[in-house]
Amino acid sequence: MTDTADAHTDEAPAPGGPCPVTDLATDYDMFDPDYLRDPFSAWAELRTEGCPIAHTERYGGSWLPTRYDDLQALAKMVPELSSKSPIVIDMPDALVKDDATGYNAAAPISADPPEQSWTRRALLPHFTPKGVMKDREYTERLCHELIDGFIDDGRCDAAVDYAQQIPPRVIARKLGVDEGMVDDFIEWVRGVLELGLQQPELRAKYRDVIREFFAAEVADRRANPKDDLITALCQTEHEGELLPDEVVIGMCNLQLVAGIDTTWSSIGSALWHFAGNEDDRRRMVAEPELWDTAVEELLRFYAPVTMARNAAEDVEYGGITFKKGDKILMNFPGANHDPDHFEDPHEVQLDRQRNRHVAFGIGIHRCAGSNLARMEMEVALKTWFERIPEFTLSDPDAVTWAGGQVRGPRIIPVTFG
Ligand code: HEM
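Under my numbering, read the sequence shown as residues 9 to 425, first letter to last.
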């Protein structure tokens, strides 16, 4: 056992009493296939066995809080807990450092104030509820076109053929880049956020590809302004100066990465849920007025995103010392299953009324794209149910889950009549 784990288990028990030394408490593995399939019981065990903040040495080491109140408190610990390296595993320095230019490579998500504040301010006006209404009609048309492509076959992969296809096109159109490159965008984003998490060279490769792509797009918009988000960001000012190219490139990079993997995971998890739960599926057909609460409940239950912070200094919290440099996972999905805040948290209740979930995060970094994500999810699910009200998993064993930073199903074979 390591020094840090010792401190956690023996000397400095987490709130709730001493931690029993179990594998989960001192050696959780965020990429273990069982954990990917069912992280819920692991979090419940940690909470009930008095070890709500677990530790592992794997992947460079990290802490895993599981309680809602702890996530609320930790998310507000700025600047003690820094966002400069929000990836959930420790990456070799060169791959996560700010660009040589000194600007942040994915602001605001990988920045701390004050840079986080002004880059976030530049993005927010484009993602208001009114701002994303402009994208709704396109999203509806897109969902119908995708379904047209496979409905006559009576089967499809709901992840690959549907969920994965929607967010890249919506964000590409909003940014103003070629929608014909969607397959490339999917490959790049998986390279950075999914496969790249355990293959640093792959992550570095795709980070460069994305950077170079947006560098060319930004240069083009400076010369030929268009009616798109890249142009709008190029024309945004901070303290009387236009945002520098490097900042705009980083923000575009973030929107591609943050806007794609997350939302396709949420849409995919929801379709997987309905394909395997006949009662819930039929209920949505019979009571379509439930979509508002159902979308929130599916976001709560299957929250895809875990971010990370690094202690900028030694930080005491709940009897634990996070040493300078320690990584703390912002386990928003775990908080959403805390029985102290959600009645019967392990049940999907499509009409859940009290649902203050934190799938979109908490505090200064709360998701800037939540209105767009909600719109995409609602349209994707409603359109699917309109066209394909009866569907079921054709091969449950073939379903695979990705996880770590973003959890969601990557293969969902379904059949429909
Ligand atoms: C269901 C889909 C989504 C989920 C669950 C989600 C979740 C999150 C979470 C948890 C954070 C907080 C990060 C932190 O605390 O470090 C975040 C931040 C962010 N998200 Fe999303 N997101 C989704 C979709 C989107 C979309 C569609 C966009 C837009 C392109 C987007 C853009 C952003 C941005 C720009 C930030 C950084 C905000 C900041 O640091 O100030 N997200 N998201």
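The beta-carbon is built from N, C-alpha and C at its ideal position, and this holds for glycine as well.
This structure is a prediction, so every number in the text was calculated from the model and none was measured.
Just to confirm, are residue i and residue j a CB contact at a threshold of 8 Å?
| i | j | result |
| --- | --- | --- |
| A302 | M292 | yes |
| G258 | N112 | yes |
| W428 | V168 | Residue numbering for the chain in the displayed model covers 9 to 425; residue 428 lies beyond these limits and cannot be assessed. |
| V185 | M383 | no |
| V96 | S118 | no |
| G276 | A171 | yes |
| A367 | N339 | no |
| G326 | D78 | yes |
| S274 | A130 | no |
| E202 | W299 | no |
| L32 | A62 | yes |
| E286 | L358 | no |
| A50 | Y67 | no |
| A346 | Y76 | Reading off the sequence shown, one finds Asp at residue 346, where the question assumed Ala. Their beta carbons are under 8 Å apart, which means D346 touches Y76 by this criterion. |
| P341 | A316 | no |
| P87 | D120 | yes |
| L89 | A320 | yes |
| D143 | V190 | no |
| R45 | W272 | no |
| M38 | G425 | no |
| S93 | N318 | yes |
| A388 | I159 | no |
| E225 | I238 | yes |
| I218 | L264 | yes |
| A114 | L262 | yes |
| H448 | L307 | Within the shown structure, residues of the chain are numbered from 9 to 425, placing residue 448 beyond reach of any answer. |
Where does residue i land, buried or exposed, given buried means 16+ other C-beta within 10 angstroms?
| i | result |
| --- | --- |
| D322 | exposed |
| L132 | exposed |
| R149 | exposed |
| K84 | exposed |
| S125 | exposed |
| R229 | buried |
| T56 | exposed |
| A227 | exposed |
| P73 | buried |
| K182 | buried |
| V422 | buried |
| G199 | buried |
| T127 | buried |
| P47 | buried |
| G162 | exposed |
| T12 | Here the model assigns T12 a pLDDT of 34, short of 50, so the residue's position is not dependable, and the following value carries that caveat. Flag for T12 reads buried. |
| H354 | exposed |
| T136 | exposed |
| K234 | exposed |
| K335 | buried |
| E209 | exposed |
| R289 | buried |
| N379 | buried |
| A254 | The sequence shown places Glu at residue 254, not Ala. By the neighbour-count rule (16 or more Cβ atoms within 10 Å), E254 is buried. |
| A22 | Residue confidence for A22 is low, a pLDDT of 42 falling below 50, so the modelled location carries little weight and cannot support an answer. |
| E153 | exposed |
| E398 | exposed |
| A294 | exposed |
| E431 | Outside the displayed span of the chain (9 to 425) sits residue 431, for which this structure offers no information. |
May I ask you to check if the CB of residue i is nearer than 7 Å to at least one heavy atom of the ligand ATP?
| i | result |
| --- | --- |
| V313 | No copy of the ligand ATP occurs in the structure displayed; its ligands are the ligand HEM alone. |
query: Taking one C-beta from the region 401 to 418 and one from the region 383 to 393 each time, how about it: are there three or more such pairs within less than 8 Å?
result: no
field: Every unbroken beta strand (DSSP E) inside the region 130 to 204 [3 residues or more]
entry: Along the length of the region 130 to 204, whole beta strand (DSSP E) runs at least 3 residues long occupy 163 to 165, reported in chain order.
query: For the 8 Å Cβ check, are there 3 or more pairs between the region 207 to 220 and the region 231 to 246?
result: By the C-beta criterion, the region 207 to 220 is judged not to be in contact with the region 231 to 246, since fewer than 3 inter-stretch pairs fall below 8 Å.
query: Is the number of C-beta pairs between the region 191 to 199 and the region 264 to 273 that are closer than 8 Å three or more?
result: yes
- request: Report yes or no: do three or more beta-carbon pairs, one from the region 249 to 264 and one from the region 352 to 372, lie closer than 8 Å?
  value: no
query: Which ranges does the alpha helix (DSSP H) cover as unbroken runs of at least 4 residues, wholly within the region 60 to 86, from first to last along the chain?
result: 76 to 83
Every unbroken beta strand (DSSP E) within the region 350 to 420, with a cutoff of 3 residues, ordered by chain: 408 to 410, 416 to 419
message: List, from N- to C-terminal side, the beta strand (DSSP E) runs of 3 residues or more that fit wholly inside the region 282 to 349.
response: 315 to 319, 323 to 325, 328 to 330, 335 to 338
- prompt: Curious, which full-length beta strand (DSSP E) runs of at least 3 residues does the region 211 to 275 contain?
  reply: none
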